[in-house]
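Q: If you scroll down you'll find the structure; I have some questions about it.
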Amino acid sequence: MKAAVLHSTGSIDTLTENLRVEEVPKPVAGDDEVIVKVRYASLNHRDLWISLGQYAKIQLPVILGSDCAGIIYARGKNTGGIDELDSVVINPSLNWGNNELHQSNDYSILGMPDNGTFADFVKVKSSLVYRMPSHLSFAEASALPLAGLTAYRALFRKANVMSGENVLITGIGGGVATIAMQLAIAAGANVFVTSGSEKKISKAIDLGAKAGALYTDPEWWKQILSQSEKNIDVIIDGTGGNTMSALLEAVSYGGRIVLYGATLGRAENVNLYKVYWKQISLLGTTMGSSDDFSDMLRFVGERCITPVIDSAYDLEYIVTAFQRMQNMEQFGKIVLKI
Ligand SMILES: NC(=O)c1ccc[n+]([C@@H]2O[C@H](COP(=O)([O-])OP(=O)(O)OC[C@H]3O[C@@H](n4cnc5c(N)ncnc54)[C@H](OP(=O)(O)O)[C@@H]3O)[C@@H](O)[C@H]2O)c1
75 MKAAVLHSTG SIDTLTENLR VEEVPKPVAG DDEVIVKVRY ASLNHRDLWI
125 SLGQYAKIQL PVILGSDCAG IIYARGKNTG GIDELDSVVI NPSLNWGNNE
175 LHQSNDYSIL GMPDNGTFAD FVKVKSSLVY RMPSHLSFAE ASALPLAGLT
225 AYRALFRKAN VMSGENVLIT GIGGGVATIA MQLAIAAGAN VFVTSGSEKK
275 ISKAIDLGAK AGALYTDPEW WKQILSQSEK NIDVIIDGTG GNTMSALLEA
325 VSYGGRIVLY GATLGRAENV NLYKVYWKQI SLLGTTMGSS DDFSDMLRFV
375 GERCITPVID SAYDLEYIVT AFQRMQNMEQ FGKIVLKI
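In the numbering used here, the protein residues as written are 75 to 412.
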C-alpha cells in the first residue's frame, strides 16, 4: 500500500527528503483489530511538530496521521458492532484509561509511535472505530476527530460553556480553534476571535462569530473587551507564549481559561497576581476520553455541524500541505485525499 513515511526529522526545508510517499506492507488485523481503508485524512499541528523534531519521544520511521475517515476493509474475529464497508472515523486517543480526569501512563496518540492514517490502510483496535456522522462527506469527517475531540473537551468538560456566555477563541485559523468556534456557537455561546489575518476574522464572522481582533496588535485584548461589553467568560487558547498575559487581561473576574496547546512556547513574565485577584480558573486539557469522543460525535450529528475544510491535497502533495500549515495560511483543516 501507499503511505507517507517520516524517516527523519529536520527543518521544513528538509521535509521533502524526510517525509516520503512510498510502498509499504499492508497491515493485517489482529483478533480485536480492524483495518480501515482510508478515504481522507487530515493534518494536525502535531504531525508538523513531529516532522520538525519538536515533539517528545519521537520514534522513526513512522506513518504519520491521527485523523481519517474511511470504510471498514477487514476485521479480526473478536470485533463486533461494526460491519465491513461501514463508513467510520477513528478516535485517535489510544489507551486513555478509566479516569475521565486525565489519560493513563500508557496513553498515546494515533500516528506516532503507532502507524497512522496517511496511508491507504490503517490498523486500530475496533473499540476506537465509530460510525461517521451521516451528514458529513469523507473529507469533512476526516477533519473532525482530533480537533473536534480537543475542542469538545475544552469547551464542555473543562470550561462548562453555557448558552449566552461570551467565549474568546484565539488564532481562529487553526484546526482546533475553528471547530471550537463551531461547537461553541452551536451551544448558544457568543464567540469572539483573534487571528493574524483580517480575512480569517471575516470568515469567522460569516460562520457566526460576533467580532474579532488582530493579534498582531499588542493590545488586541482591549478591542475584544470593547466588542464584548467587557465580558469574556471563557477563553479557549492553544497559543501559549506571551499571549498568556493578554488572556489574563481579557478574561472577566471569575472567568475560565482553557489551555490546549502552546504553539508559541512558554509563557514568560506572567502576572500571577491577576490569576488569583480576578479569581480566574486556569484549566489544562489534552485530547479526550472515549466518552468525550462519542459525546462530541453525537453533538456534531445532532447539530449538523460541518467542519471547515481549508484545502485538500492528494497524498503525493503532503509536503505542500505541511508548508501551508507552517506558514499559517489555513482557515480550518487541511485534508489529504488518499
Ligand atoms: N493538547 C491537545 O490535546 C492538543 C490537541 C490539538 C492541538 N494541540 C496544540 O494546539 C496548537 C494548535 O493546534 P492546531 O492543530 O489547531 O494548529 P494549526 O491548525 O496549525 O493552527 C495554528 C494557529 O495558531 C494561530 N496562531 C499563531 N500565532 C498566534 C498568536 N500569536 N496568537 C494567537 N494565535 C496564533 C494561527 O491562527 P491564525 O491563522 O488565525 O492567525 C494558526 O492558524 C498546537 O500547538 C498543537 O500542538 C494540542
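Heads up, the beta-carbon is just placed ideally off N, CA and C, and yes, glycines get one too.
Starting from residue 92, trace the alpha helix (DSSP H) both ways and give me its first and last residue.
A: 89 to 92 is the extent of the alpha helix (DSSP H) around residue 92.
Q: Just checking, does the region 353 to 370 make contact with the region 221 to 232 on the three C-beta pairs under 8 Å criterion?
A: Yes: the two stretches touch, three or more of their Cβ pairs being nearer than 8 Å.
Q: Using only the heavy atoms of ligand 1, determine whether one of them is closer than 7 Å to the beta carbon of residue 172.
A: Incorrect: residue 172 has no Cβ contact closer than 7 Å to ligand 1.
Q: For residue 372, does the count of other Cβ atoms within 10 angstroms reach 16, so buried, or fall short, so exposed?
A: Residue 372 should be labelled exposed.
Q: For residue 268, which of helix, strand or coil comes out of DSSP?
A: Three-state result, residue 268: strand.
Q: If residue 184 sits next to residue 226, beta carbons under 8 Å apart, how far is it from one beta carbon to the other, in whole angstroms?
A: With 8 Å as the limit, residue 184 and residue 226 do not qualify as a contact, their Cβ atoms being about 17 Å apart.
Q: Report the three-state DSSP secondary structure of residue 195 (helix, strand or coil).
A: Of the three classes helix, strand and coil, the one that applies to residue 195 here is strand, per DSSP.
Q: What do you reckon, is the C-beta of residue 251 under 7 Å from a heavy atom of ligand 1?
A: Because some heavy atom of ligand 1 lies under 7 Å away, the Cβ of residue 251 counts as near it: yes.
Q: Give every residue of the same chain whose Cβ lies closer than 8 Å to the Cβ of residue 89, excluding the five residues on either side of it in the sequence, and list them in chain order.
A: Same-chain partners within the cutoff: 125, 393, 396, 397.
Q: Just checking, does the region 265 to 272 make contact with the region 330 to 339 on the three C-beta pairs under 8 Å criterion?
A: At 8 Å Cβ cutoff, the stretches do not touch.
Q: Taking the alpha-carbon positions, what's the residue 345 to residue 315 distance?
A: If I take the Cα positions, the gap works out to 13 Å.
Q: For residue 384, which three-state DSSP category applies?
A: DSSP places residue 384 in strand when its eight states are reduced to three.
Q: Please go through the same chain and pick out, in chain order, the residues whose beta-carbon is closer than 8 Å to the beta-carbon of residue 260, but skip the five residues on each side of it.
A: Result list for residue 260: 373, 377, 379, in chain order.
Q: Using CA coordinates, which residue listed in 285, 323, 208 is at the minimum distance from residue 352?
A: Selected option, being the one with the closest Cα: 323.
Q: List the endpoints of the continuous alpha helix (DSSP H) containing residue 415.
A: Not covered by the structure: residue 415. The range shown for the chain is 75 to 412.
Q: Rounded to whole angstroms, what is the Cα-Cα separation between residue 308 and residue 239?
A: Looking at the two C-alpha atoms, the distance is approximately 8 Å.
Q: Counting only runs of 3+ residues fully inside the region 319 to 348, write out the beta strand (DSSP E) ranges in chain order.
A: Correct list: 330 to 333.
Q: For residue 181, does the three-state DSSP call read helix, strand or coil?
A: Looking at residue 181 - three-state DSSP - the assignment turns out to be coil, as it is neither helix nor strand.
Q: Is it true that the region 278 to 292 meets the region 207 to 216, where meeting means three or more beta-carbon pairs spaced less than 8 Å apart?
A: No: the two stretches stay apart, fewer than three of their Cβ pairs being nearer than 8 Å.
Q: First and last residue of the beta strand (DSSP E) that includes residue 406?
A: Segment: none, residue 406 is in no beta strand (DSSP E) and carries neither H nor E.
Q: Report yes if the C-beta of residue 221 is less than 7 Å from at least one heavy atom of ligand 1; otherwise report no.
A: Checking the Cβ of residue 221 against ligand 1 gives yes.
Q: When every heavy atom of ligand 1 is checked, does at least one fall within less than 7 Å of the C-beta of residue 60?
A: Coverage of the chain is limited to positions 75 through 412, which leaves residue 60 absent and any answer about it impossible.
Q: Quick one: is residue 207 buried, meaning 16 or more other Cβ sit within 10 Å of its Cβ, or exposed?
A: Burial call: buried.
Q: DSSP three-state label for residue 147, please.
A: Looking at residue 147 - three-state DSSP - the assignment turns out to be strand.
Q: Closer than 7 Å: is that where the CB of residue 336 sits relative to any heavy atom of ligand 1?
A: Yes, Cβ of residue 336 sits closer than 7 Å to a heavy atom of ligand 1.
Q: In three-state terms, what does DSSP make of residue 243?
A: Strand, per DSSP.
Q: Residue 132 lies in the beta strand (DSSP E); which residues open and close that run?
A: Counting along the chain, residue 132 falls outside any beta strand (DSSP E), and DSSP gives it neither H nor E.
Q: Hey, could you find the ends of the beta strand (DSSP E) residue 414 is sitting in?
A: Lying outside 75 to 412, the shown extent of the chain, residue 414 is not represented and no answer is given.
Q: Do you know how far the Cα of residue 293 is from the Cα of residue 246?
A: Approximately 17 Å between the Cα atoms of the pair.
Q: Could you check where the alpha helix (DSSP H) with residue 299 kicks off and where it finishes?
A: That run of the alpha helix (DSSP H) goes 294 to 301.
Q: Just the C-alpha distance for residue 155 and residue 148, rounded to the nearest angstrom, thanks.
A: Straight-line Cα distance between these residues: approximately 13 Å.
Q: Report yes or no: do three or more beta-carbon pairs, one from the region 103 to 120 and one from the region 168 to 175, lie closer than 8 Å?
A: No: fewer than three Cβ pairs fall under 8 Å.
Q: Cβ of residue 139 within 7 Å of any heavy atom in ligand 1?
A: The answer is no for residue 139.
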